[in-house]
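Have a look at the structure below, then the notes.
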Amino acid sequence: MSDVTTSTGNGGETHQQASGDAPVLTTNHGVPVGDNQNSLRSGERGPTLLEDFVLREKIFHFDHERIPERIVHARGSGAHGVFEATDDISDLSKAAVFTKGEKTEVFVRFSTVAGGAGSVDTPRDVRGFAVKFYTREGNWDLVGNNIPVFFIQDAIKFPDLVHAVKMEADRAYPQAGSAHDTFWDWASLMPETTHMLMWAMSDRTLPRSLRMMEGFGVHTFKLVNAEGKASFVKFHWKPRLGIQSTIWDEALKLQAADNDYHRRDLWEAIDTGAFPQWDLGIQVFDQDFAEAQPYDVLDATKLIPEEDVPVRLIGTLTLNRNPDNFFAETEQVAFLPTNIVPGIDFSNDPLLQGRLFSYMDTQKSRLGTTNFHQIPINAPRCPMHNFQRDGLMQTHVPKGRANYEPNSLAAHGEDGGPRETPAGFATANAATGPGEQGDKLRIRAETFADHYSQARLFYRSQDEHEQAHIASSFVFELSKVGVLEQVPPRMVANLRNVDENLAKRVADGLGIELPEKSKAAKAPVDMAPSDALSIHKNMKPTLEGRAVGILIADGTDAAELDAVIKAVEAEKARAVVVAPKVGGAKLSDGTVRKADGQLAGSPSQIFDAVAIVLSDAGCAALVKEAAAVQFAMDAFGHLKAIGASAAAKPLLDKAGVEPDAGVTDLGAAFITAAKHRFYDREPNVRTLA
Ligand code: HDE
């Protein structure tokens, strides 16, 4: 049944009128609108009248559609889901969200940090990983990142970090990138950033998909059990699809191919039922362990190697529903590290402590009211009662007189309102758990002084290819430092404390003398390398959740094409057919196969592996097509598997594709190869530092 009937009014403009199920168009105040095409005029060609409340309300509301974007993490993508607790940890925490079998609704928002809301998805940047659990004891927000450590130790440095990394104040560029003067000027003067810089310069900041990155709570928190006993805890999210990253050249080209690469990928995965999943892991430790470490567990620039405290998996997060409305949900969601529930508590990490007052404040200025908790995406799903009253945009209508406590109104038969409960949130007593007390001093603890040991740990835990990427990223970023000539040597001087070889590679890559080593506040120590820190050691040889681009042209063998598609789909991957024309190609059997993407708009960087299925004639045509040559050349350069029919050889030759383990025919060998990246190929395609 049609929802609207159309009629043509004066001047030929289209009027759509409600009929059937279509609701009547009204003003915000419910007044039915008779004409949504013409404003009210004085005479047919006269001025518009102030009286036109329909026009004025429509424009007035439109004029105010935007709210201030987040000062950091402005660009984000969100999804609804569910968290299911899978292990009994009642000995550690009394939180209902951790009761084995308990299912809790969640909303998750992933973000980049530096760019504005309209910036691209694939810059080299940290990713936010913020989870709001709507537990039956109130909302718990775990507002973390995809990197387990942070740039700074104390919240007082956060505005400096953000000012330095965001676009420069006078010229308003670069958008969304750290490769510029002010960031490196600041970072090279702040040795505590060194560990996080290692992560930022690694491929961790170039995730292949939001579905394929880890998440971390970063700070040390506490778990508190029913007896009030507290333990220290670090939270981890482990992606079921493994960790997967792109490489720099690919990320740059993805930026050109698709500004919304990650947002689209997340939306489409959920839309097609391929629900992304992560396991929630905890590292639990006590005061004795904390005191025995060569770093301070309250220092957010440090991690706890998984080899020292294994990650115990206690639940699973499944994202299973896309937002209904981006603004109402993803934009208005207000994460607050202060949203915490009984059974979980803060530690004295000075970075976390600073966050505890920042977020409430920012939400007030972003959302305009202290009542932002009443916006549906922020509202708790459990009952909520208190004596907070009034304020801008109040939507609750409390009944009765009880807006203060204590009161004895109940004795008079009136509603006396809510009362506190002994089961409510109580701050963990330091005497029954890890103790962190001290005098009030504006001081940085001596235990925070070692800025290099874990940077070294990270670097030395990477394989040779990952180390080369890190060295090359430093070279690239520092090469973007313009007039501030003192900055690159200062940074390299710091890197000498991390690893002499790394420093030398970066100095060579920049073409500068190796500077004198900077003086470390505390001499670094060697820690045992940790495999958990490497992406390459944590990638899964799988095609699940990935995409294979299949290039075809007129004359492609239908059976050969179908065999590839079938084999790819059997691995739970997307088989995406690409042809010079989106209408399709005429195959060997005379049928026309519609393409999923046109060659010009579907470069190989949007795929994890490519198959090139061509006839002699098809190949002869594509050899003269730059986009086709580039398709093969980039797949090779981005270290991806390339499966090709024998007839495609001239195209591969023209693209400079040389035979190696990742270049196969279209049989089973291709499917095996497609699950990998061929990092050994890299020295043949580009010079790394
Ligand atoms: Fe944030 N951070 N942050 N941050 N942060 C914000 O809150 C802040 C820090 C993180 O998807 C802001 O709503 C301070 C660490 C994520 O909506 C703001 C400090 C970590 C998100 C803010 C930090 C984070 C934010 C901006 C130093 C990883 C996006 C808008 C003490 C553990 C949440 C907003 C979303 C957002 C302040 C440090 C993660 C301004 C002062 C460390 C994922 O309030």
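Residue numbers (the numbering used here): 468 to 1156. Think of the CB as a built atom: it goes at the ideal place given N, C-alpha and C, for glycine as much as any other residue.
Residue i: CB within 7 Å of a non-hydrogen atom of the ligand HDE
{"i": "Tyr826", "result": "yes"}
{"i": "Leu818", "result": "yes"}
{"i": "Val800", "result": "yes"}
{"i": "Arg576", "result": "yes"}
{"i": "Asn612", "result": "yes"}
{"i": "Leu585", "result": "Correcting the residue type first, residue 585 is Gly in the shown sequence and not Leu. No - the ligand HDE has no heavy atom lying nearer than 7 Å to the Cβ of Gly585."}
{"i": "Gly543", "result": "yes"}
{"i": "Ala622", "result": "yes"}
{"i": "Gln484", "result": "no"}
{"i": "His540", "result": "yes"}
{"i": "Gly595", "result": "yes"}
{"i": "Thr829", "result": "yes"}
{"i": "Arg537", "result": "yes"}
{"i": "Val685", "result": "yes"}
{"i": "Gly821", "result": "yes"}
{"i": "Phe793", "result": "no"}
{"i": "Phe625", "result": "yes"}
{"i": "Phe617", "result": "yes"}
{"i": "Ala767", "result": "yes"}
Extent of the continuous beta strand (DSSP E) to which residue i belongs
{"i": "Ser544", "result": "543 to 552"}
{"i": "Asp643", "result": "In the sequence as displayed, the identity of residue 643 is Ala instead of Asp. Neither: Ala643 is in no beta strand (DSSP E) and is coded neither H nor E."}
{"i": "Ala938", "result": "From DSSP, Ala938 is part of no beta strand (DSSP E) but of the alpha helix (DSSP H) over 931 to 946."}
{"i": "Phe699", "result": "697 to 706"}
{"i": "Ile1109", "result": "1109 to 1111"}
{"i": "Gly479", "result": "Counting along the chain, Gly479 falls outside any beta strand (DSSP E), and DSSP gives it neither H nor E."}
{"i": "Arg788", "result": "779 to 788"}
{"i": "Thr1139", "result": "Taken as a continuous stretch (DSSP letters only), Thr1139 belongs to no beta strand (DSSP E), being part of the alpha helix (DSSP H) at 1135 to 1141."}
{"i": "Ile1017", "result": "1014 to 1018"}
{"i": "Lys570", "result": "570 to 579"}
{"i": "Tyr601", "result": "594 to 602"}
{"i": "Ile737", "result": "Taken as a continuous stretch (DSSP letters only), Ile737 belongs to no beta strand (DSSP E), being part of the alpha helix (DSSP H) at 728 to 738."}
Supposed close pair residue i, residue j - CB separation, criterion 8 Å
{"i": "Asp608", "j": "Pro804", "result": "6 Å"}
{"i": "Leu1081", "j": "Ala1114", "result": "5 Å"}
{"i": "Arg638", "j": "Gly583", "result": "That belief does not hold up - the Cβ atoms of Arg638 and Gly583 are roughly 15 Å apart, past 8 Å."}
{"i": "Leu765", "j": "Val616", "result": "That belief does not hold up - the Cβ atoms of Leu765 and Val616 are roughly 13 Å apart, past 8 Å."}
{"i": "Met679", "j": "Gln722", "result": "Wrong, their Cβ atoms sit about 18 Å apart, outside the cutoff."}
{"i": "Ala1046", "j": "Leu1066", "result": "6 Å"}
Nonlocal neighbours in the same chain, by C-beta distance under 6 Å from residue i, ignoring five residues either side
{"i": "Pro865", "result": "none"}
{"i": "His540", "result": "Ser578, Val580, Gly595"}
{"i": "Trp666", "result": "Ile614"}
{"i": "Glu635", "result": "Thr649"}
{"i": "Ser645", "result": "Val632"}
{"i": "Trp653", "result": "Ala631"}
{"i": "Leu733", "result": "Ser544, Leu677"}
{"i": "Gly611", "result": "Phe596, Gly682, Phe683, Gly684, Val685"}
{"i": "Glu944", "result": "Ala646"}
{"i": "Lys1142", "result": "Pro1008, Thr1009, Leu1010"}
Residue interval of the alpha helix (DSSP H) (run including residue i)
{"i": "His630", "result": "625 to 632"}
{"i": "Ile1032", "result": "1025 to 1037"}
{"i": "Asn968", "result": "967 to 977"}
{"i": "Ser832", "result": "817 to 834"}
{"i": "Arg1041", "result": "That residue, Arg1041, is in no alpha helix (DSSP H); its beta strand (DSSP E) goes 1041 to 1046."}
{"i": "Asp1158", "result": "This structure leaves residue 1158 out entirely; the chain is present only between 468 and 1156."}
{"i": "Lys525", "result": "520 to 530"}
Cβ neighbours of residue i in the same chain (closer than 8 Å, five flanking residues each side left out)
{"i": "Glu933", "result": "Ser669, Asp670, Ser1001, Ile1002, His1003"}
{"i": "Ala1025", "result": "Leu1054, Ser1055, Asp1056, Thr1058, Arg1060"}
{"i": "Asn806", "result": "Lys599, Gly605, Asn606, Trp607, Asp608"}
{"i": "Leu1106", "result": "Ile714, Gly1129, Arg1144, Phe1145, Tyr1146, Arg1148, Glu1149, Val1152"}
{"i": "Thr493", "result": "Pro499, Val500"}
{"i": "Ala877", "result": "Gly883"}
heavy atom of the ligand GDP below 7 Å from residue i C-beta
{"i": "Ala654", "result": "Of the ligands one can find in the structure shown, namely the ligand HDE, none is the ligand GDP."}
Contacts around residue i, its chain only, beta-carbon distance under 7 Å, and the 5 residues preceding and following it disregarded
{"i": "Glu983", "result": "Ala960"}
Any C-beta of chain C under 8 Å from that of residue i
{"i": "Ile1019", "result": "Judged by its chain identifiers, the structure shown contains no chain C, having just a single protein chain."}
So, does the region 704 to 720 touch the region 822 to 829, judging by three or more C-beta pairs under 8 Å?
no
Hey, is the region 557 to 566 in contact with the region 528 to 537, meaning 3+ C-beta pairs nearer than 8 Å?
no
Check whether the region 560 to 571 touches the region 618 to 626, taking contact to mean three or more Cβ pairs, one atom from each stretch, closer than 8 Å.
no
Given 8 Å, three or more beta-carbon pairs between the region 954 to 973 and the region 881 to 895
no
With a cut-off of 8 Å, do at least 3 Cβ pairs link the region 680 to 698 to the region 642 to 659?
no
State whether the region 835 to 845 contacts the region 810 to 824, with contact taken as three or more CB pairs (one from each stretch) at a distance under 8 Å.
no
Counting pairs of Cβ atoms below 8 Å between the region 1010 to 1019 and the region 971 to 987, do you hit three or more?
no
On the three-pair Cβ rule with 8 Å, is the region 736 to 752 touching the region 778 to 787?
yes
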